[in-house]
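Asks: Residue numbers (the UniProt record's numbering), protein chains in the order written: chain A, 1 to 388; chain B, 1 to 388.
Positions of the beta carbon are idealized from the N, C-alpha and C atoms, including for glycine.
Below is a structure I'd like to ask you about.
2 protein chains.
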Amino acid sequence: MKPNFTLRLRVFNLNCWGIPYLSKHRADRVKRLGDFLNMESFDLALLEEVWSEQDFQDLRQKLLPTYPAAHYFRSGIIGSGLCVFSKHPIQEFTQHVFTLNGYPYMIHHGDWFCGKAVGLLVLHLSGLVLNAYVTHLHAEYNRQKDVYLAHRVAQAWELAQFIHHTSKKADMVLLCGDLNLHPKDLGCRLLKEWTGLCDAYLETRDFKAVSGLYISCKTFKTTTGHDPHSGTPLSDHEALMATLCVRHSPPQHTSSHSHGPAERSALISVLREAWTELDQGMAQALWWATITGYVIGLGLLLLALLCALAVGGGIREVAILLWTPSVGLVLGAGAVYLFHVQEAKGLCRARAELQHVLGRAREAQDLSPESQPALQPGRQEGDRAEEQ
Amino acid sequence: MKPNFTLRLRVFNLNCWGIPYLSKHRADRVKRLGDFLNMESFDLALLEEVWSEQDFQDLRQKLLPTYPAAHYFRSGIIGSGLCVFSKHPIQEFTQHVFTLNGYPYMIHHGDWFCGKAVGLLVLHLSGLVLNAYVTHLHAEYNRQKDVYLAHRVAQAWELAQFIHHTSKKADMVLLCGDLNLHPKDLGCRLLKEWTGLCDAYLETRDFKAVSGLYISCKTFKTTTGHDPHSGTPLSDHEALMATLCVRHSPPQHTSSHSHGPAERSALISVLREAWTELDQGMAQALWWATITGYVIGLGLLLLALLCALAVGGGIREVAILLWTPSVGLVLGAGAVYLFHVQEAKGLCRARAELQHVLGRAREAQDLSPESQPALQPGRQEGDRAEEQ
């Protein structure tokens, strides 16, 4: 790479609100999105909530001349809703489906059926390796009383771990998607502290890049209720458009991810917060498992009683009538019980991973000459870090 | 690293057959396993089928002085059964749960409830990065008529992709576990061709290592029905014990994974075979989804008929009695339908990833001067490679 080398990368991201039969003006919006993407000719267009594979295929046909490479990430029952169109060849791709993603019995929220995931694309641009990630985390239906908080924190952690472990040889890391997180939310901070990624919206000058590269965000635009060329909105979400500029970095600009004392104590603090959140989520999951365990027991008792009544005569018809609902109760409670057992296991797994990172960050803090004794209290989780 | 540097790595692997209440002499075997591991003091002991977390905790207590680091990989409803004990600090760990893992209604086989996964450990040994993976793929219950073949091939592919994407900066890659595959089976070949890993059992001289390192397997032992010190078996599986030797490689010994023409055509051939297997699995999944779709339709018709009969009088009691089993039929068929829809999506996802790698391998073959026209026929999948 020459010293005066500059790479410009134009990126588009949109949550398309593409629910078949439910999202308004879907066909028209997909058509206009295709026209817009063709006209703008971005390097990379990353889309969420493209729930209908037919919509993807239609876009694929339309965008083929401008974006020769494309991929639709399939998962779960409905799908991940994620897809990508690229002007440059996609060298490799894979995906990771999140372990936890809401509750199957919350049918009106539907997230569980989607199989939310993170997709990874590896691109080679001017001799540099770009790892581009696209994701969609669990929706936030009630910010004040968010029953999905533990799941979203677990998803943010899995996302951070997936990026951390798959991007070790990448020169540039780009994460796009709908995180359903505000910039100061726990999940967002966890993601940033553990991966070293920066928010293009907040900090347009420091993106994650290897030492020797310097990525800045030259332009950053969002739509504001309507697409830039037609008056009507493209989606119920706004689109993001950014121009990233990759340059050779003079030494003082090197923005590689390093854990100095300040970063380390920020990491420790956010890990502790996430640990607490996952711990509470786990307690909740185990509480539900216990309750449904009791329901199963009661249902089985009821069934035994009904059997006795049916055999012994008396109110035989009533006993037979009540038999099937009781079986339903036992089976239903059994399914909910199994679900919450695996939920607790999933949260426990994320907590154990977090705890390990927390333990190592604390060791590094204790060993570093700048170690700050003020951060020593509150070690209760760290002391248990070896108990995974 | 000095030129005459040598690192010796002693590894132990065992499928422990640790099913609570069902596996014979479990407590005694776990106790003897702990004694054996303490006495032998391996660098790394990787275990599968440790289904009871209490067994892990007991081993953890016992092995703490010899193996200060340990981790239990939690997932699914029962767990992954995977755990690891290490003499060296574990720098990082994470896991990936396989998308497909059998059928929930095959309760007697139970794999679906386990949440089978691959666990990753990152260790730093003498300045080298070792990525150690432990896994357990779906069991093979009937080799002649294996209904789980497509799932196991999809798991082998996910495993290969996880290793491929997470080991890019590793100096050494070690995979242990119970693959439920013979050395010549499709899943095993797929794994070896895509990751460049070698089988320590078959080829004790060439392990995967970065250029400049040379890994050989100095000793390779398996138990033969009994553990080496006591007469009775440790498990219903045999244990593997290997001593790996990592040395500086003279140039002619460099065994880094490269895709020359021979490797490329082997890769293409195994990818095509796996593609066909996944395609057949997908057809099967869609067939089941269609059948259950019809059952749902019939169940709904029956319910409508029963409603009419109950309202219209006539055989009212019979109608009411049949009502609940019909609802059960519709709900049960609905659940099976949803399961097979997500199964088809999971297989389709693996097929698309495979197809992409296949397309790129063929492009590389076409471009290389040694390209062999004899391999040109049978491009039917390759031509669809861009349709992901």
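Quick check on T94/A: buried or exposed, where buried means 16 or more other Cβ atoms within 10 Å of its Cβ?
Replies: By the 10 Å Cβ count, T94/A comes out buried.
Asks: Can you say whether R152/A is buried or exposed, counting buried as having 16 or more other CB atoms within 10 angstroms of its CB?
Replies: By the 10 Å Cβ count, R152/A comes out buried.
Asks: Spell out whether any CB of chain B is found under 7 Å from the CB atom of V97/A.
Replies: For V97/A, the answer is yes, since a Cβ of chain B falls inside 7 Å of its Cβ.
Asks: Do we get a CB-CB distance below 7 Å when we pair G127/B with the residues of chain A?
Replies: no
Asks: Quick one: is V341/A near chain B, going by C-beta distance under 7 Å?
Replies: yes
Asks: For E48/B, which three-state DSSP category applies?
Replies: Here E48/B sits in strand by DSSP.
Asks: Just to check my reading of the structure: L175/A and L7/A have Cβ atoms closer than 8 Å, yes? What is that Cβ distance to the nearest angstrom?
Replies: So it is not a contact: roughly 18 Å between Cβ atoms.
Asks: Give the DSSP-derived three-state secondary structure of D236/B in the structure shown.
Replies: coil
Asks: Is the region 58-66 of chain B touching the region 99-106 of chain B in the sense that three or more CB pairs, one from each, lie closer than 8 Å?
Replies: Flag = no, the region 99-106 of chain B and the region 58-66 of chain B do not touch.
Asks: Given that G76/B touches chain A, what residues does it touch there, using C-beta distances under 7 Å?
Replies: Q342 and K345
Asks: Using a Cβ-Cβ distance cut-off of 7 Å, determine whether R349/A contacts chain B.
Replies: At least one chain B Cβ lies under 7 Å of R349/A.
Asks: The alpha helix (DSSP H) that contains C188/A, what's its start and end?
Replies: L186 to T195
Asks: Just confirm the distance between the C-beta atoms of K184/A and V129/A, as a whole number of angstroms; I'd bet it's less than 8 Å.
Replies: Contact doesn't hold; Cβ gap of about 31 Å is too wide.
Asks: Express the C-alpha separation of D111/A and L37/A in angstroms, rounding to a whole number.
Replies: 28 Å
Asks: Would you say L121/A lies against chain B (beta-carbon separation less than 7 Å)?
Replies: no
Asks: Tell me which residues of the region 299-328 of chain B have at least one Cβ-Cβ distance to chain A shorter than 9 Å, keeping chain order.
Replies: E317, I320, L321, W323, T324, P325, V327 and G328
Asks: Assign Q144/B to one of three DSSP states: helix, strand, or coil.
Replies: coil
Asks: Can you tell me which of the three DSSP states Y337/B falls into?
Replies: helix
Asks: Near K218/B, which residues of its chain fall below 6 Å by C-beta distance, leaving aside the five closest residues on each side in sequence?
Replies: T243 and C245
Asks: By the criterion of Cβ-Cβ separation under 8 Å, what are the contact partners of T276/A in chain B?
Replies: The premise fails here: T276/A is roughly 19 Å from chain B at the closest Cβ pair, so nothing lies under 8 Å.
Asks: Should Q161/A be flagged as near chain B, meaning a C-beta pair shorter than 7 Å?
Replies: yes
Asks: For Q388/A, which residues in the same chain have their Cβ closer than 7 Å to its Cβ, ignoring the five residues on either side in sequence?
Replies: For Q388/A, the predicted model reports a pLDDT of 40, less than 50, meaning its position is unreliable and no value from the coordinates is stated.
Asks: Please confirm whether any heavy atom of the ligand COA lies closer than 6 Å to the CB of G260/B.
Replies: With respect to the ligand COA, the structure shown offers nothing to examine, as it has no ligands at all.
Asks: Could you check which residue in L271/B, L240/B, V134/B and M39/B has the C-alpha nearest to that of W194/B?
Replies: L271/B
Asks: Helix, strand or coil: which one does DSSP assign to I291/A?
Replies: The answer is helix: DSSP assigns I291/A an H, G or I state.
Asks: Check each residue of the region 131-150 of chain B: if its Cβ is closer than 8 Å to any Cβ of chain A, include it; give the result in chain order.
Replies: Cβ contacts with chain A: none found.
Asks: Does any C-beta atom of chain A lie closer than 7 Å to the C-beta of T66/B?
Replies: no
Asks: Would you call the region 290-309 of chain B in contact with the region 149-164 of chain B, where contact means no fewer than 3 C-beta pairs closer than 8 Å?
Replies: no
Asks: Which residue comes first and which comes last in the beta strand (DSSP E) that contains D178/B?
Replies: In this chain, the beta strand (DSSP E) harbouring D178/B covers M172 to D178.
Asks: Under 7 Å Cβ-Cβ, which residues of chain B neighbour T166/A?
Replies: H165 and T166
Asks: Give me the chain B residues within the contact set of G79/A, using Cβ-Cβ distance strictly less than 7 Å, ordered along the chain.
Replies: Per Cβ cutoff of 7 Å: K345.
Asks: Assuming E277/A and A150/A form a contact by the criterion Cβ under 8 Å, report the distance between their Cβ atoms to the nearest whole angstrom.
Replies: Indeed, because the Cβ distance is near 6 Å, the residues count as touching under 8 Å.
Asks: Within 7 Å of any Cβ in chain E, is that where the Cβ of K169/B sits?
Replies: You won't find chain E in this structure, because its protein chains are A and B.
Asks: Looking at C-alpha atoms only, which residue of L190/B, Y148/B and A319/B is the closest neighbour of M282/B?
Replies: Y148/B
Asks: With 8 Å as the limit, tell me which residues of the region 173-197 of chain A have their beta carbon closer than that to any beta carbon of chain B; keep them in chain order.
Replies: none
Asks: I want to verify the contact list: residues of chain B whose CB lies under 8 Å from the CB of F93/A, in sequence order.
Replies: E353 and H356
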